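What follows is a short report on a single structure.
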Amino acid sequence: MENNNGTTIIVMSGDMDKVMAAFNIAIGAAAAGKDTAMFFTFWGIKAIQKGNYTGKSLFGRMMGVMNRGGIDRIGPSSFNFWGLGRWMFKQMMKAHHITPLAELRKTAMDLGVKLLPCQMSMEVMEIRQEDLIEGVEGPCGVATMLEISDRSRQTLFI
Amino acid sequence: MENNNGTTIIVMSGDMDKVMAAFNIAIGAAAAGKDTAMFFTFWGIKAIQKGNYTGKSLFGRMMGVMNRGGIDRIGPSSFNFWGLGRWMFKQMMKAHHITPLAELRKTAMDLGVKLLPCQMSMEVMEIRQEDLIEGVEGPCGVATMLEISDRSRQTLFI
Amino acid sequence: MENNNGTTIIVMSGDMDKVMAAFNIAIGAAAAGKDTAMFFTFWGIKAIQKGNYTGKSLFGRMMGVMNRGGIDRIGPSSFNFWGLGRWMFKQMMKAHHITPLAELRKTAMDLGVKLLPCQMSMEVMEIRQEDLIEGVEGPCGVATMLEISDRSRQTLFI
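Residue numbers (this note's numbering), protein chains in the order written: chain A, 222 to 379; chain B, 222 to 379; chain C, 222 to 379.
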């Protein structure tokens with residue numbers, strides 16, 4: 222493995238299907254021996270949150286309710302239909318033995334994929350490090366993300 | 222052309238405008254002599270489907286109705302307005318002599334752009350190879366996509 | 222700085238949060254001394270429009286009303302709620318001293334980030350160069366964008 226052959230994935234979307242795509246690509250990259258990092262920003266942070274209610278200010282708490290984190294709580298980007306889409310999607314995934322999101326995330330971490338939360342997003346959305354799952358790196362900014370991306374062969378914005 | 226100067230485009234979106242952007246970039250890249258591949262996953266597969274109803278199980282058939290494929294059937298990501306957006310978009314495109322999607326796709330294929338369907342998406346959505354248009358490669362996974370991407374100068378996630 | 226270490230960002234989205242992410246990454250890249258270019262296409266063009274009504278034909282004017290440009294007029298991709306999302310988002314950003322979009326754009330330009338409008342999108346949406354803010358380059362196509370991208374270390378599609 223060359224040092225400049227890694228994979229960086231910026232996850233801005235909090236949609237179930239896009240988060241799934243992100244983890245699938247990350248797992249494939251890590252399995253191929255590539256240095257792999259995922260940078261979670263804005264809605265993407267939901268995918269690495271524990272799922273408790275967050276926020277301290279009025280706005281922060283409103284955001285915490287409307288945009289509650291937790292990888293099992295997010296729905297697909299299309300055909301959500303007030304939860305029906307998520308349920309249908311999960312049924313189809315189960316019928317076809319597709320790995321659930323939480324397991325995909327665990328596999329990614331086991332393979333050494335680095336999960337980086339975006340500092341600015343955490344501040345704006347009033348999410349603290351203890352609201353994130355175990356094993357996530359400390360908050361970092363665009364500069365750090367770009368340094369990693371500069372050693373990557375592909376950087377995806379999802 | 223260098224061997225590591227290709228272009229890889231992952232098409233996850235099934236929105237008309239994003240699919241159009243994807244094909245336009247692919248055509249530009251192929252015309253510039255770059256090895257160009259498009260990997261269609263999730264909703265993006267609609268852009269390489271023939272357009273018949275798909276699916277065998279209850280869920281698969283529901284998905285096939287709600288998410289029917291065919292490149293002339295998809296609408297733009299914004300301002301869809303129950304089909305009005307697609308109609309308006311097509312009118313403006315016609316007025317300005319913009320190439321329709323189906324022709325863009327043909328041009329891309331004529332220029333040697335490889336169209337790769339994502340195996341996992343086909344399984345989950347119960348889409349068979351015969352539901353896809355002629356000239357599409359066989360189903361492939363993330364590993365194959367990454368191998369191609371590793372020889373690319375830019376990999377886009379659309 | 223190497224000549225092939227730039228950053229190219231294709232901005233197709235006209236959503237406030239995605240445009241903000243795009244400018245934040247562009248600023249980070251330019252601040253790190255990287256050649257940075259942003260290519261605005263489709264809805265993304267709103268982010269470099271002055272904000273006046275555009276379009277000459279019936280369709281062009283309809284598009285100009287429904288999709289009016291101007292960086293302070295765009296809303297977030299999730300939780301828009303008929304403007305509430307944008308207002309709430311701006312309140313949270315203000316409370317946390319996050320730089321407004323118009324200032325981010327100015328900072329990017331001051332740091333030498335090149336803003337390129339997509340020619341085809343301008344034609345389809347009937348947007349003229351004088352509808353765009355000062356300092357934007359002339360309209361260009363996919364070929365020019367790819368040339369710049371070929372000298373970039375990462376090309377993002379946002």
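All C-beta atoms in this analysis are idealised placements derived from N, C-alpha and C, irrespective of residue type, glycine included. None of the values given here were measured: they were computed from a predicted structure.
Check                                                                                                                 : Outcome
Cβ contact (3+ pairs, closer than 8 Å) linking the segment 344-363 of chain A and the segment 278-296 of chain B      : no
Three-state secondary structure (DSSP) of residue 231(C)                                                              : strand
Limits of the unbroken beta strand (DSSP E) element including residue 255(B)                                          : Where residue 255(B) is concerned, there is no enclosing beta strand (DSSP E), given that its DSSP letter is neither H nor E.
Runs of beta strand (DSSP E) wholly within the segment 275-352 of chain C (minimum 3 residues, chain order)           : 335-338
Buried versus exposed, by CB contacts within 10 Å (16 or more), residue 254(A)                                        : exposed
Helix, strand or coil at residue 365(A) [DSSP, three-state]                                                           : helix
Alpha-carbon spacing of residue 348(A) relative to residue 232(A), whole angstroms                                    : 16 Å
Where residue 315(C) falls, given that 16 or more other Cβ within 10 Å makes a residue buried                         : exposed
Closest by C-alpha distance to residue 355(C), when choosing among 279(C), 323(C), 230(C), 371(C)                     : 323(C)
Residue 346(B) versus residue 353(C): straight-line alpha-carbon distance, rounded                                    : 43 Å
Partners in chain A for residue 240(B), counting only beta-carbon separations shorter than 7 Å                        : Going along chain A, no residue has its Cβ under 7 Å from residue 240(B), so there is no contact; the nearest lies around 14 Å.
Which of helix, strand or coil DSSP assigns to residue 374(C)                                                         : strand
7 Å Cβ shell around residue 332(A) - same chain, five flanking residues per side excluded                             : 248, 251, 252
Sub-8 Å separation of residue 372(A) and residue 227(A) beta-carbons                                                  : yes
Contact under 8 Å by Cβ, residue 296(A) with residue 272(A)                                                           : no
Beta-carbon neighbours of residue 256(B), restricted to chain A and to distances below 8 Å                            : Those do not exist, as residue 256(B) stays about 15 Å from chain A at its closest Cβ, beyond 8 Å.
Whether residue 337(C) touches residue 241(C) by CB criterion (8 Å)                                                   : no
8 Å Cβ cutoff met for residue 244(C) and residue 379(B)                                                               : no
Near-chain C residues of the segment 358-379 of chain B (beta-carbon distance less than 9 Å), N- to C-terminal order  : 374, 375, 376, 377, 378, 379
8 Å contact criterion, which residue 280(A) and residue 312(C) should meet: CB distance rounded                       : 5 Å
Neighbour flag for residue 314(C) against chain B, beta carbons, 8 Å                                                  : no
Option in 261(A), 319(A), 368(A), 366(A) with minimal Cα separation from residue 341(B)                               : 319(A)
Contact check, residue 442(C) vs residue 237(C), beta carbons under 8 Å                                               : Since the displayed chain C opens at 222 and closes at 379, residue 442(C) lies outside it and no answer follows.
8 Å Cβ cutoff, residue 261(A) in contact with chain C                                                                 : no
Outcome for residue 256(B) when other beta-carbon atoms lying within 10 angstroms are tallied against a minimum of 16 : buried
Straight-line gap, residue 339(A) to residue 267(A) (C-alpha atoms, nearest Å)                                        : 12 Å
Proximity below 8 Å, CB of residue 370(C) to CB of residue 229(C)                                                     : yes
C-beta neighbour in chain C for residue 222(B), strict 8 Å                                                            : Its pLDDT being 43, under 50, residue 222(B) is placed unreliably in this model, and the coordinates cannot settle the point.
Check whether residue 357(A) and residue 269(A) have beta carbons under 8 Å apart                                     : yes
Same chain only: Cβ atoms within 8 Å of residue 293(B), ignoring 5 sequence neighbours per side                       : 272, 321, 322, 323
Chain-ordered chain B contacts of residue 246(A) [CB-CB under 9 Å]                                                    : 231, 363, 366, 367, 378
Contact residues within the segment 273-301 of chain A, judged by C-beta distance below 8 Å to chain C                : 278, 280, 281, 283, 284, 287, 288
Contact check, residue 317(A) vs residue 368(B), beta carbons under 8 Å                                               : no
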